[in-house]
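Numbering (this note's numbering), first residue to last: 60 to 131. C-beta atoms are modelled at their ideal positions from N, C-alpha and C, and glycine is treated no differently.
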C-alpha cells in the first residue's frame, strides 16, 4: 500500500454504532446532541410530541440544547 493510500484510510471516519439512551438498543443511526445524548429514530418518533414544537428542531432532554432535524 502506498503512503498516500494509507493516509487516506487514516483520515476516514469509522462507522460507529450508537446506543439509544431511551431504549438501550444499538443502532447505526441515532439523533445526537453535542452533550452526548443520542436517541434512535423509533424513540424520536414516539417522543416527538415532547421534544419539538415546530418539526424543524428538537430539544435535548439532558442539556436543553436545540438541535436540527436536518430538513432545512
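- In the DSSP assignment, residue 107 falls outside any beta strand (DSSP E) and lies within the alpha helix (DSSP H) extending over 107-110.
- For the 8 Å CB-CB criterion, residue 79 and residue 102 form a contact.
- Per DSSP, residue 113 is not a residue of any beta strand (DSSP E), being assigned neither H nor E.
- Counting only the Cα atoms, residue 112 lies some 31 Å from residue 74.
- Beyond the five residues adjoining it in sequence on each side, residue 122 comes within less than 6 Å, by CB distance, of 94 in the same chain, given in chain order.
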